[in-house]
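Visitor:
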Amino acid sequence: MLDMKFIRSNPELVKENIRKKFQDAKLPLVDEVIELDAQSRAIQQEANTLRAERNKISKSIGGLMAQGKKDEAEAMKKKVSEQAERLAELEKQETEMEEKIRQILLVIPNIIDPSVPIGKDDSENVEVQRYGEPVVPDFEIPYHTEIMEALHGIDLDSARRVAGNGFYYLTGDIARLHSAVLAYARDFMIDRGFTYCIPPFMIRSNVVTGVMSFAEMDAMMYKLEGEDLYLIGTSEHSMIGRFIDTILDEKELPLTLTSYSPCFRKEKGAHGIEERGVYRIHQFEKQEMIVVCRPEESPIWFDKLWQNTVDLFRSLDIPVRTLECCSGDLADLKVKSIDVEAWSPRQKKYFEVGSCSNLGDAQARRLKIRVNGQDGRKYLAHTLNNTVVAPPRMLIAFLENNLNADGTVRIPEPLRPYMGGKDLIKW
Numbered sequence: 003m004l005d006m007k008f009i010r011s012n013p014e015l016v017k018e019n020i021r022k023k024f025q026d027a028k029l030p031l032v033d034e035v036i037e038l039d040a041q042s043r044a045i046q047q048e049a050n051t052l053r054a055e056r057n058k059i060s061k062s063i064g065g066l067m068a069q070g071k072k073d074e075a076e077a078m079k080k081k082v083s084e085q086a087e088r089l090a091e092l093e094k095q096e097t098e099m100e101e102k103i104r105q106i107l108l109v110i111p112n113i114i115d116p117s118v119p120i121g122k123d124d125s126e127n128v129e130v131q132r133y134g135e136p137v138v139p140d141f142e143i144p145y146h147t148e149i150m151e152a153l154h155g156i157d158l159d160s161a162r163r164v165a166g167n168g169f170y171y172l173t174g175d176i177a178r179l180h181s182a183v184l185a186y187a188r189d190f191m192i193d194r195g196f197t198y199c200i201p202p203f204m205i206r207s208n209v210v211t212g213v214m215s216f217a218e219m220d221a222m223m224y225k226l227e228g229e230d231l232y233l234i235g236t237s238e239h240s241m242i243g244r245f246i247d248t249i250l251d252e253k254e255l256p257l258t259l260t261s262y263s264p265c266f267r268k269e270k271g272a273h274g275i276e277e278r279g280v281y282r283i284h285q286f287e288k289q290e291m292i293v294v295c296r297p298e299e300s301p302i303w304f305d306k307l308w309q310n311t312v313d314l315f316r317s318l319d320i321p322v323r324t325l326e327c328c329s330g331d332l333a334d335l336k337v338k339s340i341d342v343e344a345w346s347p348r349q350k351k352y353f354e355v356g357s358c359s360n361l362g363d364a365q366a367r368r369l370k371i372r373v374n375g376q377d378g379r380k381y382l383a384h385t386l387n388n389t390v391v392a393p394p395r396m397l398i399a400f401l402e403n404n405l406n407a408d409g410t411v412r413i414p415e416p417l418r419p420y421m422g423g424k425d426l427i428k429w
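Okay, so the sequence shown: first residue is 3 according to my numbering, each after it adds one.
So, in structure tokens, the structure goes:
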């Protein structure tokens, strides 16, 4: 959410940013919110004038009564009463106007970083760098659920009967591998100085609107009927929400946190829930990383965060690449974003396994996350988030890149302590 003062001073810059994101339908909102802001300030000025005059008159009434000027005092009382009615009307208008302005500000996209490539959608994202050598083995790699089924590690049919498409049962060594990957990712981030957290898996609506755009909310979130609660789509939501309406001491920054949670997503408007696959599903688990920092530090932390994911995948010998998200692929709150994609030997291409985002002060402005600077000045924090690992999507990359010709799966050395010392998954 942009500062109204910034929009008022830079309307053409805000409009140009909207054009860069190919959201031209939102262009009229800029002039509309500027006009509403002008009306709001005029109402506020009149209200403040009335308040000042009322206070002045109220003080004079006592003096008139003391001087025996009862008629004049009564006239003043009548005037105060009339002003009170007008003031009540203005205060109601103030509240209504503030809400109208806020609703528009929640829709106008954040200003993207100048380095973001301009493009309409994810097809125009730009490859930055590759890490590791992509390998295609000389034997055919089955579909990922076929690998899991051969190892007695997944039951989609039972899950479909219990909950429908987009759910699964993991069993045996595949379930253990799933937990091992999350535990390894947790310890990997702790070793890099991040504090481990397990957050609430539900959040209130004011947190939802604080951490994401309306479009994302509609496409992702499950709401509990009859409750002001939503299931989280990622732990970032409740982790950032933890700091709602707080003033942080600058000396405490940066806050570097890594969190585990289940994630629940409707996947509305997506390419669809696969009947046999587990790439796009309604429920999964994830290890996340979150940073709350000073504004000048957020570009540095952005690079550190995506590099953490690259390093983790490479520690397990999985080739990856980074993609710079173009302007049209950025959610409205994001300043800049990089996707990490893992190599799929079966498909002979990369696919997304994580996304790193710098949101600037957008979430902090919505949630009122402020910092008390050492000079006594208060300012808005910057927030960032990134996926460490998100099984089972990460399992797809792991299984394909570690599959042997005989159908067994290699366990890289870093994961073996989490798999009871096993170096191989067999039938």
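Ideal placement from N, C-alpha and C gives every residue a C-beta, glycine not left out. All values derive from a computational prediction rather than experimental measurement.
When the distance is taken between beta carbons, is Phe203 closer than 7 Å to Ile242?
Guide: Translated into the one-based positions of the sequence shown, residue 242 becomes position 240. Translated into the one-based positions of the sequence shown, residue 203 becomes position 201. The answer is no: Cβ separation not under 7 Å.
Visitor: Can you grab the Cα-Cα spacing for the pair Arg21 / Arg104, in whole Å?
Guide: Residue 21 sits at position 19 when you count from the first residue of the sequence shown. Residue 104 sits at position 102 when you count from the first residue of the sequence shown. Near 21 Å, if we compare the C-alpha coordinates of Arg104 and Arg21.
Visitor: Determine the direct distance from the alpha carbon of Ser42 to that of Ala434, and round the result to whole angstroms.
Guide: For the chain, the structure presents residues 3 to 429; residue 434 sits outside this window and is missing.
Visitor: With three or more C-beta pairs closer than 8 Å as the rule, is the segment 155-164 touching the segment 119-138?
Guide: Short answer: they don't touch.
Visitor: Give every residue of the same chain whose Cβ lies closer than 6 Å to the Cβ of Arg278, excluding the five residues on either side of it in the sequence, and list them in chain order.
Guide: The sequence position of residue 278 within the sequence shown is 276, counting from 1. Only Thr147 meet the Cβ criterion.
Visitor: Spatial neighbours of Glu93 within its chain, please: CB distance less than 7 Å, with the 5 preceding and 5 following residues excluded, ordered by chain position.
Guide: As a working mapping, residue 93 is identified with position 91 in the sequence shown. Correct list, in chain order: Ala49.
Visitor: Quick check on the DSSP output: what are the complete alpha helix (DSSP H) runs of length 4 or more inside the segment 138-162, in order along the chain?
Guide: Entirely contained in the segment 138-162, the alpha helix (DSSP H) runs reaching 4 residues are, in chain order, 146-152.
Visitor: Which one or two residues does DSSP pair with His384 in a beta bridge?
Guide: Indexing the sequence shown from 1 puts residue 384 at position 382. Cys295.
Visitor: What ranges does the beta strand (DSSP E) occupy inside the segment 206-252, keeping only unbroken runs of at least 3 residues that lie completely in it?
Guide: Counting whole runs of 3 or more residues, the segment 206-252 contains the beta strand (DSSP E) stretches 248-251.
Visitor: What does Val358 pair with, by DSSP beta-bridge criteria?
Guide: In the sequence shown, residue 358 corresponds to position 356, counting from 1. Rather than Val, the amino acid found at residue 358 in this sequence is Cys. Cys358 pairs with Ile340 and Asn388.
Visitor: Can you round the beta-carbon distance between Cys358 and Leu307 to whole angstroms, since I take them to be within the 8 Å contact cut?
Guide: As a position in the sequence shown, residue 358 is number 356, starting the count at 1. As a position in the sequence shown, residue 307 is number 305, starting the count at 1. With a Cβ gap of about 5 Å, Cys358 and Leu307 count as contacting.
Visitor: Tell me the DSSP secondary structure of Thr410 in three-state form.
Guide: For the purposes of this step, residue 410 is taken as the residue at position 408 of the sequence shown. Coil at Thr410, not helix or strand.
Visitor: DSSP state of Lys7, grouped into three classes?
Guide: Against the sequence shown, residue 7 aligns to sequence position 5. It is helical.
Visitor: Using CA atoms only, rank isn't needed, just tell me which of Asp124, Cys295, Asn360 and Ser240 is closest to Cys199.
Guide: Counting from 1 along the sequence shown, the entry for residue 199 is found at position 197. Ranking Asp124, Cys295, Asn360 and Ser240 by Cα distance to Cys199 puts Ser240 first.
Visitor: Residues bridged to Tyr420 by DSSP?
Guide: Along the sequence shown, read from residue 1 onward, the residue named residue 420 stands at position 418. None, per the DSSP bridge assignment.
Visitor: Does any residue of chain C bring its CB to less than 7 Å from the CB of Pro144?
Guide: Absence of chain C from the displayed structure is noted, only one protein chain being present.
Visitor: Roughly how many angstroms lie between the CA atoms of Met291 and Ala44, to the nearest whole one?
Guide: For the purposes of this step, residue 291 is taken as residue 289 along the sequence shown, with counting starting at 1. For the purposes of this step, residue 44 is taken as residue 42 along the sequence shown, with counting starting at 1. So the two alpha carbons sit approximately 44 Å from each other.
Visitor: Less than 8 Å between the CB atoms is what I'm expecting for Ser317 and Leu386, so what's the real figure, rounded?
Guide: Taking the sequence shown and counting its residues from 1, the one referred to as residue 317 is at position 315. Taking the sequence shown and counting its residues from 1, the one referred to as residue 386 is at position 384. About 22 Å; that fails the 8 Å criterion.
Visitor: Does DSSP put Asn403 in a helix, in a strand, or in coil?
Guide: Locating residue 403 in the sequence shown gives position 401, where the first residue counts as 1. Three-state DSSP puts Asn403 in a helix.
Visitor: Excluding sequence positions up to five away, which residues of its chain have a Cβ less than 8 Å from the Cβ of Leu401?
Guide: On the sequence shown, position 399 is the one that residue 401 refers to. Only His146, Ile149, Met150 and Val411 meet the Cβ criterion.
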